[in-house]
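Mind the numbering: the sequence shown is residues -1 to 289 in this note's numbering, read in order. Here a beta-carbon is modelled for each residue, glycine too, at the ideal position from N, C-alpha and C. Accompanying notes for the structure given below.
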Amino acid sequence: MKLAPFRYHQPSTQVEALELLGSLGDNAKVLAGGQSLLPMMAYRLATPTDLVDIGRIPELRGWDLDDSGLRIRAMARQRQIELDPDIGLRFPVMHHALAKVAHVQIRNRGTVCGSLAHADSAAELPTLMVALDSTFVVANAQGRRRVAAPDFFKFHFTTAVEAGELLAEVFIPDPGPGQHAAFMEVSRRKGDFAVVGAAVVVDIEDGHVKGARVVCSGVAPTPYVVAAAEEAIVGGELRDSTLLDAQYATSRSVDPPDDFHADSEYRKHLAGVLVRRCLDQIRSNQGARSA
Ligand SMILES: Cc1cc2nc3c(=O)[nH]c(=O)nc-3n(C[C@H](O)[C@H](O)[C@H](O)COP(=O)(O)OP(=O)(O)OC[C@H]3O[C@@H](n4cnc5c(N)ncnc54)[C@H](O)[C@@H]3O)c2cc1C
């Protein structure tokens, strides 16, 4: 279907973009990679009167990787982050999760921040960012504010970014030597949105789990933190019985609705199995590293 008419703006600085967004208000949308927004406009699910294209703003491109962590700016493409070898070494889980986002052609255009701002409850990156304890930097014409990942996602397709604002960057803290992470999902076909996904991050010291974050997608309107699974893991070693405890704790905790793709019971089962498999993968990788 043809897009409804809209006005197109192409600011060349961040200040200009924020002034535009501030003056245009509710009916304007940021255009990043366009891989979600343009299909939504084609289906008339979104009918913004103004698009503010941030693709020509130099200071919103790229990323910084240093001792403190990884800072991904608004226009860094998903594929750039997926393929960067230094990011792959420090955050291998990012590579694995990004490889599951849509198809290469979409990741070539789609941005990491665009996926986070879009906040599809089945998407990989929001769930991963919550598990990795990320911080979001939201900018408006008056300044910037930092939002912790669990507070950023409010509901289906709804975040802490208000009208007149943009997500300028996301910061992922350095994992440190004891941190291990895994991401897994089940989707009907390669490249489809997942039915359910799981991101697990654990901090291990002397073989014992000191901290854990277990987050699932596809089971709630926002990335779902499975506190009961985290409790099952922290304090001990990653034994088979612990992995099973985490699996059952997850299946008991989540309460997904039935929908066209899967019923609630199946999603509960998947969430538990994926959490157990993530832990199993972490255990194997850890064994391989210490061998
Ligand atoms: C066929 C297909 C399959 C897909 N499969 C998957 C999948 O399996 N998993 C997955 O996660 N995604 C999937 N996607 C979506 C894809 O990852 C998008 O690239 C991503 O969701 C949006 O990124 P974008 O840069 O293209 O954003 P846009 O499409 O440009 O924008 C999306 C929304 O976010 C807003 N926005 C974008 N950037 C910012 C910003 N910096 N600040 C504030 N608001 C902003 C826009 O205003 C808009 O509302 C798929 C898309 C297609 C077309």
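- A Cβ-Cβ contact shorter than 8 Å links T109 with A72.
- Between ligand 1 and the CB of F153, the shortest heavy atom gap is not smaller than 7 Å.
- Distance check between Q76 and each of M39, A137, N106, G53 places N106 closest, using alpha-carbon atoms only.
- The alpha-carbon of Y6 is positioned some 6 Å away from that of V50.
- A residue is called buried once 16 or more other Cβ atoms fall within 10 Å of its Cβ, and H206, having fewer, is exposed.
- Runs of alpha helix (DSSP H) with 4 or more residues, each lying fully within the segment 113 to 194, are found at 122 to 129, 147 to 150, listed in chain order.
- Taken from the Cβ of R42, every heavy atom of ligand 1 lies 7 Å or farther away.
- Spatial neighbours of Q177 in its own chain (CB-CB distance under 6 Å, excluding positions within 5 residues in sequence) are listed in chain order as D201.
- Each residue's CA atom was taken as its position, placing L272 and Q245 some 8 Å apart.
- Collapsing the DSSP output to three states places E17 in a helix.
- Comparing alpha-carbon positions, the option among C214, Q12, K188, P255 lying closest to A196 turns out to be C214.
- Following the DSSP letters along the chain, one finds S251 inside the alpha helix (DSSP H) bounded by residues 238 to 251.
- If you look at G209, you'll find it in the beta strand (DSSP E) that goes 206 to 215.
- Within the DSSP bridge table, the entry for Y6 names L49 as partners.
- If the five residues before and after D149 are omitted, its C-beta is found closer than 7 Å to the C-beta atoms of A158, all from its own chain and listed in chain order.
- Short note on S34: C-beta closer than 7 Å to some heavy atom of ligand 1.
- Of the heavy atoms belonging to ligand 1, none sits nearer than 7 Å to the Cβ of F134.
- Fully enclosed beta strand (DSSP E) runs of no fewer than 3 residues occupy 26 to 29, 48 to 51, 61 to 64, 67 to 71 of the segment 26 to 104, in order along the chain.
- In the three-state reduction of the DSSP assignment, V224 falls in the coil class, being assigned neither a helical nor a strand state.
- Per DSSP, reduced to three states, the secondary structure at D278 is helical.
- Between G112 and P219, the alpha-carbon positions lie close to 18 Å from each other.
- Remark: C-beta atoms of V217 and V184 do not approach each other more closely than 8 Å.
- In this structure, E122 lies away from A180, with their beta-carbon atoms at least 8 Å apart.
- With respect to the C-alpha of D48, the residue from V28, G189, P37 having the closest C-alpha is V28.
- Pairing S21 with E160, the inter-Cα distance amounts to about 13 Å.
- The three-state reading of DSSP puts D256 in coil, since its state is none of H, G, I, E or B.
- Rounded to whole angstroms, the separation of the alpha carbons of G32 and I104 is 9 Å.
- Annotated three-state conformation of D24 is helix, per DSSP.
- Excluding the 5 residues flanking it on each side, M182 has same chain C-beta neighbours closer than 6 Å at A196, L272, R275, C276, in chain order.
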